[in-house]
Each structure stands twice: as C-alpha cells, then as structure tokens.
Amino acid sequence: MIEVTRRYVMKFPPDSADKALTYKLIKDYDIKFSILKAEVRPGRTGSLLLELEALPENIQKGIEYLEANAVICEPLGKKIKFEASKCINCGNCTGVCFTGALTMDRERWKLNFEPELCVVCELCVPACPMNLFDINFHEEEPEKIAVGN
Ligand code: SF4
Ligand code: SF4
C-alpha cells in the first residue's frame, strides 16, 4: 500500500505535554510528521497543525490513539470556511497564497481552492474583498467551525 500525506489541526490538553504523544506516533505507527504551525501556551490547550505521512491505516490508528488521549484531531479542511458561492473570482487571494492552495483557472477565470495544500497562514482572510474566508486555527470550540468549500 502507498503512503499518503494528511494535514490535521490537533488540540492537546494542557496536561499532555509529558505524555510524548507525538513520539508514539513515530515509534508505534511509523508516522512521519512535520509541524506546520504551532500555538502552545503554558497551562493552556496547545494547537498544532501537523502534516502526517504514513500508510492510511497507520494514520487512522495514530489518530485513534491521540483521540483516546483527549487530543482533538480535525482534518485541516474542516477548519476552513470558504463561501465559494459568493466568490467574484477577482484573484486577489491567489496573490498571497504561497502554498498554491488558491489558484486561478486561467481558461475559465475561476478560483480553485485546494484545502489540503493550506497551511493556515491566514493571509487570504484580509486579501478577500468579499470577506469569504474564515480560518479558525485558534478556535477553542471546533464544533462551531463549518466545513469548507
Ligand atoms: S490560509 Fe489562505 S493564503 Fe494561507 S495557505 Fe491557506 S488558503 Fe493559502
Ligand atoms: S479574493 Fe475572495 S472574491 Fe476574490 S477570488 Fe479570492 S475568494 Fe474569490
């Protein structure tokens, strides 16, 4: 089976720092990971944007392990709300999106949005004149976040 890459926003409870949870991902589930963004404050819930690379079933087992240890794991796409139906295809957001998550289809002059390429830099939020992006990496209550696109 082929290894895949997945991005998740993970919220670690304040008391989880000493559990070496991420070490277990590598050791027991053979998951390679990169930290794309982090917000960790002492005594508070820590948020990490992680890119995981492994066999799909190993990623699934790793996520289940983390969730059993009170870590909230959400696929990145669920953290991004984008009101595609209101887009006027002006292209402004593509000028700031350095990862290629936002690109213009130049034949149809239509915006393409690929959430899996997003690293939650939030640069597109002020760039959009229609205010169509809502990216809540910091949000404490994930159930309030709408699924994007
Ligand atoms: S937050 Fe916006 S600008 Fe930044 S990578 Fe994601 S889609 Fe691109
Ligand atoms: S800046 Fe806003 S309106 Fe313009 S293409 Fe991007 S999402 Fe659409």
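The working numbering numbers the first residue of the sequence shown as 9 and each following residue consecutively. Cβ atoms here follow ideal geometry from the backbone N, Cα and C, with glycine treated the same way.
Does at least one heavy atom of ligand 4 sit under 6 Å from the Cβ of residue i?
i      : result
Cys136 : The ligand content of the structure shown is limited to ligand 1 and ligand 2, which means ligand 4 is not among them.
Specify the secondary structure class of residue i as computed by DSSP and reduced to three states.
i      : result
Glu149 : Only weak support is given to the placement of Glu149: the predicted model assigns it a pLDDT of 44, under 50, and the value that follows is read from those uncertain coordinates. Of the three classes helix, strand and coil, the one that applies to Glu149 here is coil, per DSSP.
Ile80  : strand
Glu122 : coil
Leu29  : helix
Thr107 : coil
Pull the bridge partners of residue i from the DSSP assignment, please.
i      : result
Leu56  : Met18, Ala46
Met112 : Leu119
Ile88  : Ile143
Are residue i and residue j close, meaning C-beta to C-beta below 7 Å?
i      : j      : result
Ile88  : Pro123 : yes
Lys19  : Ile80  : yes
Leu44  : Val104 : no
Asn100 : Ala78  : no
Ile194 : Leu60  : Examination of residue 194 is not possible in this model, given that the chain is present from 9 through 157 alone.
Pro22  : Gly51  : yes
Exercise. Output the residues surrounding ligand 1, defined as those with a CB atom closer than 6 Å to any ligand heavy atom, in chain order.
Key: Summarising the contact set, residues whose Cβ lies nearer than 6 Å to any heavy atom of ligand 1 are, in chain order, Val104, Cys105, Thr107, Ala109, Leu110, Cys126, Val127, Val128, Cys129, Glu130, Leu131, Cys132, Ile143.
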